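Have a look at the structure below before the remarks.
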Amino acid sequence: MGTNQEEKKALAKKAKDKPASHGTDIDMEAFSSETEEHPYREDLSAFSKIDQEQMLKAGVDIAAKNRSGTFVQKDHSVVHSCSLQEGMELMDIDQARGKYDWLQDYWGKAVPVNMDKYTARAELHQEHGYFIRSLPGTKSIYPLQTCLYLEEDNLEQDVHNIVIAEEGSELHIINGCATGPHVKSGLHVGVSEFYVKKGAKLTFTMIHNWAEKVAVRPRSATIVEEGGVFLSNYVCMQPVGTLQTYPVAHLIGERATARFNSILVAPPGSDMDVGARVFLKAKSARAEIISRAITTGGKIIARGHIIGEVPEIKAHLECKGLILSDEGIIHAIPELEGRKKDVDLSHEAAVGKIAQEEIEYLMARGLNQEEATATIVRGFLNVDIEGLPRELKAEMDKAVEISEKSLL
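Just so you know, the sequence shown maps onto residues 88 to 495 in my numbering.
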């Protein structure tokens with residue numbers, strides 16, 4: 088182990104009991120850290136019908152139609168990894184570390200290993216994760232897909248992912264996280280570091296399909312260089328025990344852009360603390376944070392924080408929430424922080440119920456009350472995402488459609 092790695096391990100050990108800034112504190116010792124190895128599958132069709140159905144709900148298509156590659160990790164085992172497009176690298180992160188010495192320079196650069204006890208846990212007990220890299224000038228023909236799957240009940244899964252879009256490249260990823268149908272509880276800790284080089288574009292669409300008592304602690308950050316574009320889409324419309332994530336983007340190059348879009352539905356028993364933070368550090372940088380949140384009985388804290396550190400930057404934050412049950416809670420926390428006089432920051436936040444006049448308007452045109460409510464909710468969740476590739480838009484629409492059936 089090199090000195091750099093040893094230093095990071097030492098930092099992680101010192102932070103192993105450090106509470107997170109937000110979210111319910113999790114007793115990680117309550118989860119199992121040992122499990123059996125799962126066999127590698129060259130043929131994706133070898134996955135069971137049940138596994139395939141669960142993965143599909145998270146946007147991962149085992150048929151791999153219109154995909155440039157697939158990575159699947161089940162519990163602590165990488166069970167499939169294959170890139171189908173030249174110039175697109177996709178592999179187990181441990182394999183990548185053995186192949187590229189320089190990868191160590193990216194490890195812990197965007198997400199410090201000592202940020203909190205979850206990043207420390209991922210450093211000290213890391214079980215694989217994926218490495219994705221688009222070579223300079225390469226454009227995604229179809230999106231790559233990755234799946235992090237929990238099959239064993241009450242298991243802890245700690246992964247570290249690194250994604251690099253090299254200069255002038257274009258990379259699109261669908262990341263689906265799911266549990267087996269018999270899983271009731273578990274813990275997923277996922278550290279993800281994204282690097283968008285000069286003039287590159289990276290679209291990352293994450294769809295979660297967890298179980299009712301699963302604890303989820305993603306930790307992610309992105310560094311965007313000159314003219315780079317990072318587009319993040321997050322969909323969580325299925326029950327989850329406790330979810331806390333607060334991804335960060337650092338726009339360090341001129342004309343760098345970041346957009347975060349999230350669609351959240353919290354049924355009874357779900358506790359979600361979700362947001363995004365963007366630091367605009369270079370001239371003409373642009374950022375947007377858009378969230379749509381619905382509670383049918385669960386709790387949602389929707390955060391957004393935009394920090395303008397230099398002149399001539401522009402950013403907007405928008406949070407809208409619908410409360411469909413008297414038992415539900417939505418707490419919107421928008422923050423704008425301007426550190427120079429020539430910044431342009433704005434926000435819009437609204438939390439409430441469906442307006443009765445909207446329902447009556449639709450009912451007057453032939454819909455019953457349930458159909459009218461469904462139509463309004465569907466329109467509320469229809470976030471127009473600029474620059475989203477057709478294939479990714481289709482997967483997001485599919486995830487929303489599947490979830491609407493249980494929601495309504």
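Even glycine gets a Cβ: it sits at the ideal position worked out from N, Cα and C. From a predicted model like this one, the values you see are computed outputs, not experimental measurements.
Among the options, nearest to residue i - alpha-carbon criterion
| i | options | result |
| --- | --- | --- |
| E94 | S357, S119 and L211 | L211 |
| G255 | D240, E313 and V198 | E313 |
| Q232 | D148, I180, P326 and E238 | D148 |
| Q331 | T344, L318, A363 and A345 | A363 |
| G146 | C234, T460, S279 and E121 | C234 |
| L131 | D112, M115, I113 and R154 | R154 |
| L222 | S164, G174 and D413 | G174 |
| T383 | A436, A151, A353 and F291 | A353 |
| Q182 | I219, A265, L289 and A209 | I219 |
| Q443 | G156, G185, I463 and G267 | I463 |
| V246 | L237, G263, I261 and H215 | H215 |
| P398 | N320, L367 and E414 | L367 |
| I180 | E280, E123 and G267 | E280 |
| A345 | C323, G315, L468 and L242 | G315 |
| N320 | S378, I387, K284 and C169 | S378 |
Residue i vs residue j beta-carbon contact at 8 Å
| i | j | result |
| --- | --- | --- |
| R426 | I376 | no |
| P355 | F347 | no |
| I251 | Y282 | yes |
| V301 | H269 | no |
| D240 | G273 | yes |
| V198 | R128 | no |
| E396 | H434 | no |
| A402 | R373 | yes |
| A380 | L351 | yes |
| I504 | F291 | Only positions 88 to 495 of the chain appear in this structure, which leaves residue 504 out of reach. |
| S349 | V365 | no |
| P326 | A308 | no |
| T266 | Q141 | yes |
| E253 | K284 | yes |
Residue i versus residue j: straight-line alpha-carbon distance, rounded
| i | j | result |
| --- | --- | --- |
| K105 | I410 | 34 Å |
| A117 | Q244 | 13 Å |
| A99 | T206 | 8 Å |
| V303 | E341 | 34 Å |
| K226 | L258 | 6 Å |
| M88 | D162 | Its pLDDT being 49, under 50, M88 is placed unreliably in this model, and the value from its coordinates should be taken loosely. Cα-Cα distance, rounded: 26 Å. |
| H392 | D484 | 27 Å |
| N201 | E445 | 49 Å |
| M359 | G286 | 34 Å |
| M178 | Q191 | 16 Å |
| A102 | K96 | 10 Å |
| T38 | T111 | Beyond the ends of the chain as shown, which are 88 and 495, falls residue 38; an answer cannot be given. |
| I416 | A459 | 23 Å |
| Y217 | S119 | 22 Å |
| D203 | H109 | 10 Å |
| R465 | K144 | 18 Å |
| K136 | V165 | 19 Å |
| G185 | Y193 | 14 Å |
| D429 | A343 | 17 Å |
| A461 | H125 | 41 Å |
| C169 | K152 | 14 Å |
| I441 | K407 | 12 Å |
| E121 | I387 | 32 Å |
Buried versus exposed, by CB contacts within 10 Å (16 or more), residue i
| i | result |
| --- | --- |
| H295 | buried |
| R452 | exposed |
| E176 | buried |
| I310 | buried |
| N248 | buried |
| V418 | Residue identity differs from the one stated: residue 418 is His in this sequence, not Val. Exposed is the call here. |
| N91 | exposed |
| A481 | exposed |
| Y448 | exposed |
| Q456 | exposed |
| P421 | buried |
| A133 | exposed |
| N469 | exposed |
| A150 | exposed |
Residues sharing a beta bridge with residue i, DSSP
| i | result |
| --- | --- |
| N201 | Bridge partners of N201: none, in fact. |
| S221 | M175 and A252 |
| N262 | T233 and M293 |
| E355 | Sequence inspection shows Pro at residue 355; the Glu mentioned does not correspond to that position. None; P355 has no bridge partner. |
| F281 | V250 and T309 |
| Q244 | H275 |
| I350 | V322 and R379 |
| I400 | V430 |
| R465 | Paired residue(s): none; R465 is not in a bridge. |
| L409 | I381 and G439 |
| P421 | G391 |
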